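Enquirer: Take a look at this one; I'll ask things after.
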Amino acid sequence: MATAGGLEIHQQLYHAAEPVQSNASEALAPDLAGPATAPVAPPAAERSPTASPLLRGYDPTVPLTALLVLAILIAGIGAAVHRATNPVRPIVSSLAAGGLSPSSSGVTPTTIAPALQAPAPSASSPGGPSAAIPPADVQPPAATQSSSCTQMVDSLSTRNSKRTVDIGSLLQTNAFPPLPLPGFEHPSVAGVSHWGTIADYLAASAGPSDATTAQWQQLLVQNGFVNADEAEFQNGSSNYGALVLRFTTAAGARAFNRGTMLAACSAGILENPHVISSLSGGVNYLITEGPPFRASFVAGDSVVRLHICHCVQAPDDQALAGQWAQAVASQVGAG
Numbered sequence: 025m026a027t028a029g030g031l032e033i034h035q036q037l038y039h040a041a042e043p044v045q046s047n048a049s050e051a052l053a054p055d056l057a058g059p060a061t062a063p064v065a066p067p068a069a070e071r072s073p074t075a076s077p078l079l080r081g082y083d084p085t086v087p088l089t090a091l092l093v094l095a096i097l098i099a100g101i102g103a104a105v106h107r108a109t110n111p112v113r114p115i116v117s118s119l120a121a122g123g124l125s126p127s128s129s130g131v132t133p134t135t136i137a138p139a140l141q142a143p144a145p146s147a148s149s150p151g152g153p154s155a156a157i158p159p160a161d162v163q164p165p166a167a168t169q170s171s172s173c174t175q176m177v178d179s180l181s182t183r184n185s186k187r188t189v190d191i192g193s194l195l196q197t198n199a200f201p202p203l204p205l206p207g208f209e210h211p212s213v214a215g216v217s218h219w220g221t222i223a224d225y226l227a228a229s230a231g232p233s234d235a236t237t238a239q240w241q242q243l244l245v246q247n248g249f250v251n252a253d254e255a256e257f258q259n260g261s262s263n264y265g266a267l268v269l270r271f272t273t274a275a276g277a278r279a280f281n282r283g284t285m286l287a288a289c290s291a292g293i294l295e296n297p298h299v300i301s302s303l304s305g306g307v308n309y310l311i312t313e314g315p316p317f318r319a320s321f322v323a324g325d326s327v328v329r330l331h332i333c334h335c336v337q338a339p340d341d342q343a344l345a346g347q348w349a350q351a352v353a354s355q356v357g358a359g
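Count the sequence shown with my numbering and you get residues 25 to 359, in order.
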């Protein structure tokens, strides 16, 4: 219901809006006094009422992108370091060997699974950790050589032999059988020695090498050493010699011959042995120390050792040592 007061208010509100329209029309009206029309300024660009003047032209996606790139780089570096410290070769090798399949294990080429272990390689595989470990029945070369040397010594004849002459006296009187080689029938005697005790014999270093001296001393005592004689022969520039060791019994001589051979086998200085089956304890061989070409046999209570140097220059010096042993055994009655 309108009242006079309400009408008056309505009129006042209506009239209060007119000055605004009047002012706006005055601002937009052309200047009649001037010849030119004033340019109309373009409307100002709308901006967010909450935008700060300091952030004008700032794109918030730029730092987010930089952080994302940095995170990717850090993740890549971490993965590379992890691969370097935890190689995946066991996984690759197990896949190649058929132990794991990518579909069944869930492991992909880029998956790092250090907890997985590669399966043991099969016996037919030429590689793998077991390739460096020889089977239990395979011995290293040095052990194999010593084993074959010991087998040779065990195969030597142990029959009871004899002698008909004093072999030491043959050496002392230059009546020892000569080297069976043309031109060596009458050698010169370069030196003769005789030892009546073990201490004197070992002090002369006439028989054992440095590697077997202790074993020789023990064997000389155990087997009843009596005496030893040695002669060195010379023919031109060739040198060779013979050593005879006498014991109280023939069994002692055989035990000494075998024991010193085993000592040389253990020391690794006896090589290329060849058994002389016609002689008790007969063998020709090489020694890596001193005159290399050797032969040994037992004649009754005596052990005969022969040695030839390289300077003899026979077609086969080792075979020549064996032939000399057979010639000596024949002349001293050893059978």
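Even for Gly, the Cβ is constructed at its ideal location relative to N, Cα and C. Keep in mind it's a predicted model, so treat the numbers as computed, not measured.
Nearest to ALA319 by CA position, among ALA95, LEU203, ALA291 and SER212, is which residue?
Expert: Counted from its first residue, the sequence shown places residue 319 at position 295. Answer by Cα proximity: LEU203.
Enquirer: Looking at the secondary structure, which residues open and close the beta strand (DSSP E) in which PHE321 lies?
Expert: As a first step, residue 321 is located in the sequence shown; it is residue number 297 there, counting from the start. Run containing PHE321: 317 to 323, per the beta strand (DSSP E) assignment.
Enquirer: As a quick exercise: from SER302, SER290 and LEU330, pick the residue whose alpha carbon is nearest that of TYR309.
Expert: Here residue 309 refers to the residue found at position 285 when the sequence shown is read from its first residue. Closest by alpha carbon: LEU330.
Enquirer: Nearest-angstrom Cα distance between ASN263 and ILE332?
Expert: Within the sequence shown, residue 263 is the residue found at index 239, counting from 1. Within the sequence shown, residue 332 is the residue found at index 308, counting from 1. If I take the Cα positions, the gap works out to 7 angstroms.
Enquirer: Can you pull the DSSP bridge partners for ALA255?
Expert: Position 231 of the sequence shown holds residue 255. The partner list for ALA255 (beta bridge, DSSP) reads VAL216 and ALA266.
Enquirer: How far does the alpha helix (DSSP H) with LEU195 in it reach, from first residue to last?
Expert: Taking the sequence shown and counting its residues from 1, the one referred to as residue 195 is at position 171. Its alpha helix (DSSP H) spans residues 191 to 196.
Enquirer: I need the straight-line Cα distance from PRO315 to LEU286, nearest angstrom please.
Expert: Residue mapping note: residue 315 aligns to position 291 of the sequence shown, counting from 1. Residue mapping note: residue 286 aligns to position 262 of the sequence shown, counting from 1. Near 19 angstroms, if we compare the C-alpha coordinates of LEU286 and PRO315.
Enquirer: What does DSSP give as the partner residues of ASN308 in its beta bridges?
Expert: On the sequence shown, residue 308 is found 284 positions in, with the first residue counted as 1. For ASN308, which the question treats as bridged, DSSP gives the partners HIS298 and ALA319.
Enquirer: Would GLN342 be called buried (16 or more neighbouring beta carbons within 10 Å of its own) or exposed?
Expert: Residue mapping note: residue 342 aligns to position 318 of the sequence shown, counting from 1. The residue in question, GLN342, is buried, as its Cβ has 16 or more Cβ neighbours within 10 Å.
Enquirer: GLN246 and VAL216 - do their beta-carbons sit closer together than 7 angstroms?
Expert: Position 192 of the sequence shown, counted from the start, is the residue given in the question as residue 216. Position 222 of the sequence shown, counted from the start, is the residue given in the question as residue 246. For VAL216 and GLN246, no; Cβs fall outside 7 angstroms.
Enquirer: At the level of alpha carbons, what is the spacing between GLY292 and THR174?
Expert: The residue labelled residue 292 in the question sits at position 268 within the sequence shown. The residue labelled residue 174 in the question sits at position 150 within the sequence shown. Each residue's alpha carbon lies about 11 angstroms from the other.
Enquirer: Please determine, among SER304, GLN355, ASN198 and GLU313, the residue with the shortest C-alpha to C-alpha distance to ALA230.
Expert: As a working note, residue 230 is residue 206 in the sequence shown. Measuring from the Cα of ALA230, the nearest candidate turns out to be GLU313.
Enquirer: What is the DSSP secondary structure of ARG183, counted as helix, strand or coil?
Expert: Taking the sequence shown and counting its residues from 1, the one referred to as residue 183 is at position 159. Here ARG183 sits in coil by DSSP.
Enquirer: Considering only their Cβ atoms, is the gap separating ALA323 from SER185 smaller than 7 angstroms?
Expert: Against the sequence shown, residue 185 aligns to sequence position 161. Against the sequence shown, residue 323 aligns to sequence position 299. The answer is yes: Cβ separation under 7 angstroms.
Enquirer: On a Cα-Cα basis, can you pick out the residue from GLN347, GLY260, ASP83 and ILE191 that is closest to SER212?
Expert: Working through the sequence shown from its first residue, we reach residue 212 at position 188. If we check each option's Cα against that of SER212, GLY260 comes out closest.
Enquirer: I need the boundaries of the beta strand (DSSP E) containing VAL327, first residue and last residue.
Expert: Translated into positions along the sequence shown, residue 327 becomes position 303. Taken as a continuous stretch (DSSP letters only), the beta strand (DSSP E) holding VAL327 covers 326 to 332.
Enquirer: Grouping DSSP H, G and I as helix and E and B as strand, with all else coil, what is PHE280?
Expert: Translated into positions along the sequence shown, residue 280 becomes position 256. PHE280: helix per DSSP, three-state reduction.
Enquirer: CA-CA distance, GLY220 and ASP178?
Expert: Translated into the one-based positions of the sequence shown, residue 220 becomes position 196. Translated into the one-based positions of the sequence shown, residue 178 becomes position 154. So the alpha carbons of these two residues sit roughly 30 angstroms apart.
Enquirer: I need the straight-line Cα distance from ASP253 to ILE300, nearest angstrom please.
Expert: Stepping through the sequence shown from its first residue, residue 253 is reached at position 229. Stepping through the sequence shown from its first residue, residue 300 is reached at position 276. Approximately 23 angstroms, taken between the alpha carbons.
Enquirer: How far does the alpha helix (DSSP H) with LEU244 in it reach, from first residue to last?
Expert: Within the sequence shown, residue 244 is the residue found at index 220, counting from 1. Segment 237 to 246, the alpha helix (DSSP H) holding LEU244.
Enquirer: For my contact list, SER181 and GLY305 are in at a C-beta cut-off of 8 angstroms; report their separation, rounded to the angstrom.
Expert: On the sequence shown, residue 181 is found 157 positions in, with the first residue counted as 1. On the sequence shown, residue 305 is found 281 positions in, with the first residue counted as 1. Confirmed, Cβ separation roughly 6 angstroms.
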